[in-house]
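The structure appears right after this line, and notes come after that.
Chains as they are written, first to last, in our numbering: chain A, 1 to 252; chain B, 253 to 564.
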């Protein structure tokens with residue numbers, strides 16, 4: 001599905017990501033963990049085209065996507081959420097989700113403005129699907145509320161709904177549980193599992209909350225100082241000496 | 253009523269045309285781009301109409317056919333649109349204040365070009381542009397439909413896929429791109445739509461003002477348009493329209509106040525001639541106290557005029 005090949009990204013001498021290679025299988029729930037500053041979000045930015053790699057290749061469904069611009073990558077079916085929620089704050093929840101239908105709709109400027117029957121039908125469909133997604137993440141009761149008025153946990157779920165509106169095949173979730181209380185975290189775990197089976201998604205997940213990652217993921221990759229130090233099933237990664245050292249330090 | 257219309261015919265038509273011009277600034281702003289290039293396209297559209305009507309069409313004596321004015325508007329719109337794409341593609345790589353400066357430079361360059369070409373009449377410009385109407389007030393028959401159509405266009409646009417993409421870019425360009433919105437395409441699209449509309453307004457204005465030269469569509473116009481949008485409101489198309497109408501009438505109103513008498517002479521003089529100073533102060537105060545302008549979607553909602561955001 002996605003293969004990362006010797007991917008490297010340096011910012012003025014700092015190696016944010018250094019020769020990282022792994023591949024994600026179709027339908028897999030793949031976890032990405034590591035201490036702060038390990039390069040996890042940089043890796044997400046590379047995959048979604050927000051940053052350009054210094055070296056290495058990215059392949060998605062057999063196609064080289066290295067260096068494509070973000071909207072092209074989104075068009076290929078890769079959607080993401082952001083570590084520090086980036087909703088369209090002034091717009092309503094429904095509008096936020098409707099915007100992400102962009103790549104799955106086709107009406108142009110003129111057709112939309114004069115209201116061609118095809119554009120009107122598409123508009124109704126966009127609305128219907130957006131409402132269904134709000135329902136899925138449990139926000140259907142407040143479609144007209146401005147995004148910035150939602151509680152933090154709800155904003156994170158709204159961001160997931162927006163990403164799903166793209167009808168992605170690969171979904172990248174950047175710390176979806178950050179700032180959630182334990183009850184919210186549990187229901188988030190259920191939501192992620194649900195959308196994965198229901199929509200047949202492949203999911204790449206960055207998460208600090210270890211129980212959630214261990215519980216959800218099929219395989220986990222561990223990054224430390226930009227390098228891949230472990231890769232495997234959760235139980236094996238948990239026992240890996242290099243991982244324990246990275247998290248706890250070697251004096252222990 | 254008839255005396256009022258007859259007295260203020262020039263002002264009333266100017267107000268309507270200003271409202272349309274204010275919308276040309278609003279269009280790129282929908283996508284978060286502060287461009288003040290539209291006075292340049294306005295000037296260009298005026299020259300297109302002036303040249304076509306005085307040098308190309310050679311109409312019979314008497315009133316100039318309105319149909320020819322409409323053709324000039326279409327030609328001006330197309331020419332402006334093509335220049336809009338050509339200028340927009342490189343210029344819209346710039347962000348924020350750099351884009352604003354580049355578009356100011358564009359307006360200045362067009363002014364200098366117009367001043368030095370033969371076809372534009374150099375410093376004198378083009379005069380004696382034929383009149384399609386017997387009175388100034390009748391220009392309303394062109395100006396009002398143009399304003400209503402452009403308002404309808406923008407109002408509809410905000411509720412379509414393309415409009416949502418523009419608004420997403422304004423809210424967060426990076427997130428919009430990650431959701432599949434092509435930033436360059438949509439910015440150039442908004443910029444070009446603005447150029448097309450400004451060109452059409454220029455074509456009407458050339459006939460309306462009767463003479464066209466390099467003093468039309470200058471940096472002064474850019475400042476006026478910014479005042480219309482920043483004071484009127486930059487988050488709903490109603491803002492620029494009201495801003496254009498009211499602020500165009502404001503100097504006349506101030507002159508009226510000055511003529512009442514009893515004011516110190518220096519203050520009365522300031523009210524008569526300080527238009528640009530007053531606009532400058534309004535822009536400064538407006539951006540500090542009303543960053544989104546006086547008319548906001550929230551205000552329209554409270555007045556029962558807006559639609560719920562979710563219905564967009």
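Every residue, glycine too, gets a C-beta built ideally from N, C-alpha and C.
Inset, instruction - Determine, using beta-carbon pairs with one atom in the segment 81-95 of chain A and one in the segment 149-159 of chain A, whether at least three such pairs fall under 8 Å. - result: yes
Legend entry - In DSSP terms, what residue 7 of chain A is bridged to: Within the first chain, the letter at position 7 stands for residue 7 of chain A. Beta-bridge pairing links residue 7 of chain A to A/20.
Legend entry - Among A/218, A/233, A/224 and A/237, nearest to residue 28 of chain A - alpha-carbon criterion: Residue numbering aside, residue 28 of chain A sits at position 28 when the first chain is read from its first letter. Nearest option by C-alpha distance: A/218.
Inset, instruction - Would you verify that the beta carbon of residue 282 of chain B is, or is not, closer than 8 Å to some beta carbon of chain A? - result: Within the second chain, numbered from 1, the residue matching residue 282 of chain B stands at position 30. No, its Cβ sits nowhere closer than 8 Å to a Cβ of chain A.
Inset, instruction - Would you identify the three-state DSSP class for residue 247 of chain A, choosing helix, strand or coil? - result: Translated into the one-based positions of the first chain, residue 247 of chain A becomes position 247. Note: residue 247 of chain A maps to helix in three-state DSSP.
Inset, instruction - Would you check if there are 3 or more beta carbon pairs closer than 8 Å linking the segment 307-317 of chain B to the segment 268-277 of chain B? - result: no
Inset, instruction - Answer with yes or no whether the minimum CB distance from residue 334 of chain B to chain A is below 8 Å. - result: In the second chain, residue 334 of chain B corresponds to position 82, counting from 1. For residue 334 of chain B, the answer is no, since every Cβ of chain A falls outside 8 Å of its Cβ.
Legend entry - Against chain B: residues of the segment 115-135 of chain A by CB proximity under 8 Å: 115, 119, 122, 123 and 126
Inset, instruction - Please state if the CB of residue 412 of chain B and the CB of residue 113 of chain A are separated by a distance shorter than 8 Å. - result: The count along the first chain starts at 1 and reaches residue 113 of chain A at position 113. The count along the second chain starts at 1 and reaches residue 412 of chain B at position 160. Yes, the Cβ-Cβ distance between residue 113 of chain A and residue 412 of chain B is below 8 Å.
Inset, instruction - Could you tell me which of B/428, B/291 and B/373 sits nearest to residue 357 of chain B, measuring between CA atoms? - result: Along the second chain, read from residue 1 onward, the residue named residue 357 of chain B stands at position 105. Answer by Cα proximity: B/291.
Inset, instruction - With a 10 Å radius around its C-beta and 16 neighbouring C-beta atoms as the bar for buried, classify residue 135 of chain A as buried or exposed. - result: In the first chain, the residue the question calls residue 135 of chain A occupies position 135. By the neighbour-count criterion, in which a residue is buried when 16 or more other Cβ atoms sit within 10 angstroms of its Cβ, residue 135 of chain A is exposed.
Legend entry - Contacts that residue 313 of chain A makes with chain B (C-beta to C-beta distance below 7 Å): Only positions 1 to 252 of chain A appear in the structure, and residue 313 of chain A is not among them; the question remains open.
Legend entry - Interface flag, residue 138 of chain A vs chain B, CB-CB below 8 Å: The residue you call residue 138 of chain A lines up with position 138 of the first chain. Residue 138 of chain A does not count as touching chain B.
Inset, instruction - Would you verify that the beta carbon of residue 102 of chain A is, or is not, closer than 8 Å to some beta carbon of chain B? - result: The residue labelled residue 102 of chain A in the question sits at position 102 within the first chain. It does; some Cβ of chain B falls within 8 Å.
Legend entry - Which listed residue (B/483, B/313 and B/548) has its alpha carbon closest to that of residue 496 of chain B: Along the second chain, one-based indexing puts residue 496 of chain B at 244. Measuring from the Cα of residue 496 of chain B, the nearest candidate turns out to be B/483.
Inset, instruction - Using alpha carbons as the reference points, say which of B/535, B/328 and B/460 lies closest to residue 395 of chain B. - result: Position 143 of the second chain, counted from the first residue, corresponds to residue 395 of chain B. The shortest Cα separation from residue 395 of chain B among B/535, B/328 and B/460 belongs to B/460.
Inset, instruction - Can you give me the Cβ contacts of residue 23 of chain A inside the same chain, cut-off strictly under 6 Å, excluding the 5 residues immediately before and after it? - result: Working through the first chain from its first residue, we reach residue 23 of chain A at position 23. Correct list, in chain order: 3.
Legend entry - Interface partners of residue 58 of chain A on chain B, CB under 7 Å: Here residue 58 of chain A refers to the residue found at position 58 when the first chain is read from its first residue. Correct list: empty, because the minimum Cβ distance to chain B is about 15 Å.
Inset, instruction - Return the first residue and the last residue of the alpha helix (DSSP H) that residue 210 of chain A is part of. - result: For the purposes of this step, residue 210 of chain A is taken as the residue at position 210 of the first chain. Segment 210-216, the alpha helix (DSSP H) holding residue 210 of chain A.
Inset, instruction - Name the two residues that bound the continuous alpha helix (DSSP H) containing residue 253 of chain A. - result: Chain A is shown only over 1 to 252; residue 253 of chain A falls outside these bounds and no answer can be derived.
Inset, instruction - For residue 556 of chain B, decide whether its Cβ has a neighbour in chain A, counting only Cβ atoms nearer than 8 Å. - result: Taking the first residue of the second chain as position 1, residue 556 of chain B is located at position 304. Chain A contact via Cβ: absent.
Inset, instruction - Could you check the C-alpha separation between residue 259 of chain B and residue 338 of chain B for me, to the nearest Å? - result: The count along the second chain starts at 1 and reaches residue 259 of chain B at position 7. The count along the second chain starts at 1 and reaches residue 338 of chain B at position 86. If you take the alpha carbons of residue 259 of chain B and residue 338 of chain B, they lie about 42 Å apart.
Legend entry - Through-space distance from residue 299 of chain B to residue 369 of chain B, alpha-carbon basis: If you number the second chain from 1, residue 369 of chain B lands on position 117. If you number the second chain from 1, residue 299 of chain B lands on position 47. Distance between the alpha carbons of residue 369 of chain B and residue 299 of chain B: 11 Å.
Inset, instruction - Give every residue of the same chain whose Cβ lies closer than 8 Å to the Cβ of residue 352 of chain B, excluding the five residues on either side of it in the sequence, and list them in chain order. - result: Taking the second chain and counting its residues from 1, the one referred to as residue 352 of chain B is at position 100. Here the set comprises 286, 287 and 288.
Legend entry - Contact set for residue 379 of chain B: own chain, Cβ-Cβ below 6 Å, skip 5 residues either direction: Locating residue 379 of chain B in the second chain gives position 127, where the first residue counts as 1. Closer than 6 Å at the Cβ level, and outside the excluded window around residue 379 of chain B, lie 463.
Legend entry - Residue closest to residue 82 of chain A, alpha-carbon to alpha-carbon, out of B/263, B/424, B/345 and B/303: By 1-based counting over the first chain, the position of residue 82 of chain A is 82. The residue with the shortest Cα to Cα distance from residue 82 of chain A is B/424.
Inset, instruction - Check whether the Cβ atoms of residue 429 of chain B and residue 70 of chain A sit closer than 8 Å, and answer yes or no. - result: On the second chain, position 177 is the one that residue 429 of chain B refers to. On the first chain, position 70 is the one that residue 70 of chain A refers to. A contact, by the Cβ cut-off of 8 Å.
Legend entry - Cβ shell of residue 189 of chain A (< 7 Å), same chain only, five flanking positions each side left out: In the first chain, counting from the first residue as 1, residue 189 of chain A sits at position 189. Answer for residue 189 of chain A: 212, 215 and 216, listed in chain order.
Inset, instruction - Just list the beta strand (DSSP E) runs in the segment 56-108 of chain A, keeping only unbroken ones of 3 residues or longer that don't cross its boundaries, in chain order. - result: Counting only runs of 3 or more, we get 78-80.
Legend entry - Neighbour-count burial assignment, residue 437 of chain B, 16 or more Cβ in a 10 Å radius: Walking along the second chain from the start, residue 437 of chain B turns up at place 185. So residue 437 of chain B counts as exposed.
Inset, instruction - Establish whether the CB of residue 481 of chain B and some CB of chain A are separated by less than 8 Å. - result: For the purposes of this step, residue 481 of chain B is identified with residue 229 of the second chain, where counting begins at 1. Chain A, which has no Cβ nearer than 8 Å to the Cβ of residue 481 of chain B, makes this no.
Legend entry - Counted within 10 angstroms of its Cβ, other Cβ atoms place residue 492 of chain B as buried (16 or more) or exposed: Here residue 492 of chain B corresponds to residue number 240 of the second chain, with the count starting at 1. Counting the other CB atoms within 10 Å of its CB gives residue 492 of chain B a total of 16 or more, which places it among the buried residues.
Inset, instruction - State the Cα-Cα distance for the pair residue 304 of chain B and residue 458 of chain B, rounded to the nearest angstrom. - result: Here residue 304 of chain B is taken as the residue at index 52 of the second chain, counted from 1. Here residue 458 of chain B is taken as the residue at index 206 of the second chain, counted from 1. Their backbone Cα atoms lie some 11 Å apart in a straight line.
Inset, instruction - Report the rounded CA-to-CA distance for residue 106 of chain A versus residue 34 of chain A, giving the unit in angstroms. - result: The count along the first chain starts at 1 and reaches residue 106 of chain A at position 106. The count along the first chain starts at 1 and reaches residue 34 of chain A at position 34. Distance between the alpha carbons of residue 106 of chain A and residue 34 of chain A is about 40 Å.
Inset, instruction - Please name the residue in B/392, B/355 and B/326 whose C-alpha comes closest to that of residue 261 of chain B. - result: Working through the second chain from its first residue, we reach residue 261 of chain B at position 9. The shortest Cα separation from residue 261 of chain B among B/392, B/355 and B/326 belongs to B/392.
Inset, instruction - Using only alpha-carbon positions, find the residue among A/11, A/7, A/12 and A/38 that is nearest to residue 222 of chain A. - result: Numbered from its first residue, the first chain carries residue 222 of chain A at position 222. It is A/38.
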